[in-house]
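Here is the structure we will look at, set down as structure tokens.
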Amino acid sequence: MRLRILGAAAGGGLPQWNCGCRNCADARDGRIPSMTQSSVAVSADGLTWVVLNASPDIRAQMQAEPALHPQSLRGTPMGAVILTNGDIDHIAGLLTLREGTPFALHGTKATLAILDEPVFRVLDRSVVRFLPIRLDEPFSPVEGLTVTAFAVPGKVALFLEEEEPDTAAMGEQTVGLRLEDDDSVVFYIPGCARVTDDLRRQLDGADLLLFDGTVWQDEEMRRTGTGTKTGARMGHVPMSGPDGSLARLADFAGRRVYIHINNTNPVLQPASAERAEVAAAGWSLAFDGMEITT
Ligand SMILES: [Zn+2]
Numbered sequence: 001m002r003l004r005i006l007g008a009a010a011g012g013g014l015p016q017w018n019c020g021c022r023n024c025a026d027a028r029d030g031r032i033p034s035m036t037q038s039s040v041a042v043s044a045d046g047l048t049w050v051v052l053n054a055s056p057d058i059r060a061q062m063q064a065e066p067a068l069h070p071q072s073l074r075g076t077p078m079g080a081v082i083l084t085n086g087d088i089d090h091i092a093g094l095l096t097l098r099e100g101t102p103f104a105l106h107g108t109k110a111t112l113a114i115l116d117e118p119v120f121r122v123l124d125r126s127v128v129r130f131l132p133i134r135l136d137e138p139f140s141p142v143e144g145l146t147v148t149a150f151a152v153p154g155k156v157a158l159f160l161e162e163e164e165p166d167t168a169a170m171g172e173q174t175v176g177l178r179l180e181d182d183d184s185v186v187f188y189i190p191g192c193a194r195v196t197d198d199l200r201r202q203l204d205g206a207d208l209l210l211f212d213g214t215v216w217q218d219e220e221m222r223r224t225g226t227g228t229k230t231g232a233r234m235g236h237v238p239m240s241g242p243d244g245s246l247a248r249l250a251d252f253a254g255r256r257v258y259i260h261i262n263n264t265n266p267v268l269q270p271a272s273a274e275r276a277e278v279a280a281a282g283w284s285l286a287f288d289g290m291e292i293t294t
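FYI, full-length UniProt numbering numbers position 52 of the sequence shown as 52, with every residue one higher than the one before it.
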């Protein structure tokens, strides 16, 4: 399977437009690489691609990735888009994918319901096929690739929140994806509020895991002075701590890559203790343009 990391950052990207934190300032000055928002392209044959989540940066991401350039006067090698939830960093790019080129759009019913808003009528439904995903039922978005979506602990999109949401609910609002071709099994889980025993069992034996690297610790936004929300409140398990992904996924035997990394995360500093700890545990960090073949 071939994967291209189109965007390795969480919502806001790196640098985020309104943020002057150390990471954002360093990215703005070119001291650390900038990152666009959350998206991955995947292909079994290297010809037809599936885009996992449509980031607000999708136009620039497609320009930067030759595999996604049109092969004819009008058209795209992108056969399908799959959405893992309704977050802005995962759906706003759909507004760029208008212009009447056919592709299939897969999401759970709950996520596709968000696209009933009038603005998304720019996607002509006689051209773009809206296909509901059923949890735990495999489907084939393009030739040679089988995908299964499954519930992971998560919350509804921020703009749908009313009062106090259940931040680790199991259901259609946040899914992980299991991708399989003839050669390998890959998991893509950019948002996950908790690493449950069930999830650990499910990952067993996979070749590659692309996992939620949003925050290093729960209180990160408060500590960096950039906000007051905890990782848990945003629906993201931290990397560190006894219940963090480093500890809870230590037994995973395949290749491990953090993705959906927030601009506040100290692992983005190459010389940080946190970066060293992540590397020592066998994880790497996704970056824009990263190519992975499994
Ligand atoms: Zn920042």
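Glycine included, every Cβ here is placed at the ideal spot set by N, Cα and C.
- D207 is a Cβ neighbour of V185, given a cutoff of 7 Å.
- Counting other Cβ atoms within 10 Å of its Cβ, S55 reaches 16 or more and is therefore classed as buried.
- Taking the CA atoms as reference points, C21 sits about 7 Å from T224.
- Among the bridge pairs identified by DSSP, A44 is matched with none.
- The closest CA to that of D29, considering only V237, P15 and P118, is found on P15.
- Closest in alpha carbon position to S126, among G46, E99, T108 and P190, is E99.
- Boundaries for I261: no beta strand (DSSP E) harbours it, and the DSSP string shows neither H nor E there.
- At a Cβ-Cβ threshold of 7 Å, G191 and G154 count as neighbours.
- Residue pairing of W49 in beta bridges, as defined by DSSP: M78.
- Rounded to whole angstroms, S272 and D181 show a C-alpha spacing of 37 Å.
- For the options Y188, E163 and V152, the alpha carbon positioned closest to that of A169 is the one of V152.
- The Cβ-Cβ distance between D57 and G11 does not fall below 7 Å.
- A distance below 8 Å between beta-carbons, with the five flanking residues on each side excluded, links V119 to the following residues of its chain, in chain order: L95.
- Shown here for G231: same chain residues with a beta carbon closer than 6 Å to its own, the five before and five after excluded, namely V215, D218 and P238 in chain order.
- Under the rule that a run must span 4 or more residues, the alpha helix (DSSP H) segments found entirely inside the segment 67-120 read 88-91 and 109-114.
- The criterion of a C-beta distance shorter than 7 Å is satisfied by T36 and Q61.
- Distance between P77 and R129, taken at the CA atoms: about 16 Å.
- In the DSSP secondary-structure assignment, R256 is bridged to L209 and W283.
- DSSP places A149 in the uninterrupted beta strand (DSSP E) bounded by L145 to A151.
- Assignment of beta-bridge partners to F187 by DSSP yields R178 and L209.
- Setting aside the 5 residues that flank it on each side, R194 is surrounded in the same chain by P153, A168 and V237, each with a C-beta closer than 6 Å to its C-beta; the list follows chain order.
- Secondary structure at I133: strand, using DSSP grouped into helix, strand and coil.
- Beta-bridge partners assigned by DSSP to L160: none are found.
- With contacts defined by Cβ atoms closer than 7 Å, T111 and G86 form a contacting pair.
- Cβ-Cβ separation between R4 and A67: approximately 6 Å, consistent with a contact (criterion under 8 Å).
- C-alpha of A64 to C-alpha of N262: approximately 21 Å in a straight line.
- Here Q173 carries a coil assignment [DSSP, helix/strand/coil].
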